[in-house]
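Working notes for the structure below.
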Amino acid sequence: MSDDHDHHDGHDDHELRVSKIRSGTVIDHVRGGQALNVLAILGIDGSDGEEVSVGMNVPSDRFARKDIVKVEGRELSQDEVDVLSLIAPDATINIVRDYDVIEKHRVERPDLVEEVLSCPNTGCITTGDEPVSSRFEVLDDGVRCGYCETIVRDGIPSLIDT
1145 MSDDHDHHDG
1155 HDDHELRVSK
1165 IRSGTVIDHV
1175 RGGQALNVLA
1185 ILGIDGSDGE
1195 EVSVGMNVPS
1205 DRFARKDIVK
1215 VEGRELSQDE
1225 VDVLSLIAPD
1235 ATINIVRDYD
1245 VIEKHRVERP
1255 DLVEEVLSCP
1265 NTGCITTGDE
1275 PVSSRFEVLD
1285 DGVRCGYCET
1295 IVRDGIPSLI
1305 DT
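Numbering-wise, the sequence shown is residues 1145 to 1306 according to this note's numbering.
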């Protein structure tokens, strides 16, 4: 009796083949085209030698297309997950140790993000020389500055303090 799962005759090319990571984080179900923004949020540009696998615009059951990011040797902090939720609200975070997923959870959008985004309003108190940390209320479709109340719906990745 043949086991269909081990049968590779070239007809099963619908599966994403990215090598498994030993230990680190897999960020799955990122909206198509957002993987590079995810890397920017995490401060990963390749210059520190991080081992990263990225799949962009791959087929998905949940969306038409999705991105997936695998980062070897790094588990995300809650702050990083909170910021990710702003651009990847449907993402799943998988923590991997010794090739096994030991923790899996959906991102949850926080009510507030602090010291993460820069306000685009040049007149805002947070953009001057005052020792004031940025603070944004998270809305359904964007963020609102807690000081000047500027609402940002597009271009959130470009406001991330790295």
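Note that beta-carbon positions come from the ideal geometry of N, C-alpha and C, so glycine has one too.
The model shown is predicted, which means the values in this text are computed figures rather than measured ones.
Bounds of the alpha helix (DSSP H) holding V1182 are A1179 to I1185. Ranked by how close their Cα comes to the Cα of I1231, the residues V1182, T1294, I1237 and G1190 have V1182 in first place. Under a 10 Å Cβ-count criterion, Q1178 is classified as buried, with 16 or more other Cβ atoms of the shown protein chains found around its own Cβ.
Secondary structure note for S1229: its alpha helix (DSSP H) is the uninterrupted segment Q1222 to I1231.
For R1166 and V1196, the gap between their C-alpha atoms comes out near 12 angstroms.
In this structure, I1185 is the residue among I1295, E1281, I1237 and I1185 with its C-alpha nearest to the C-alpha of S1302. Counting only the Cα atoms, Q1222 lies some 21 angstroms from D1244. In this structure V1296 touches V1287 by the C-beta definition: roughly 5 angstroms separates them, less than 8 angstroms.
A contact between stretches requires three or more CB pairs, one per stretch, nearer than 8 angstroms, and the segment 1273-1280 fails this requirement with the segment 1202-1215. Going by DSSP, I1237 is part of the beta strand (DSSP E) stretching over T1236 to R1241. One thing to note: V1215 has its Cβ no nearer than 8 angstroms to the Cβ of I1237. The beta carbon of M1200 sits closer than 6 angstroms to those of A1179 and D1211, all from its chain and outside the five residues before and after it, given in chain order. Shortest Cα-Cα distance from D1205 to any of V1174, E1224 and D1226 involves V1174. D1255 sits exposed, since fewer than 16 C-beta atoms from the chains shown fall within 10 Å of its C-beta.
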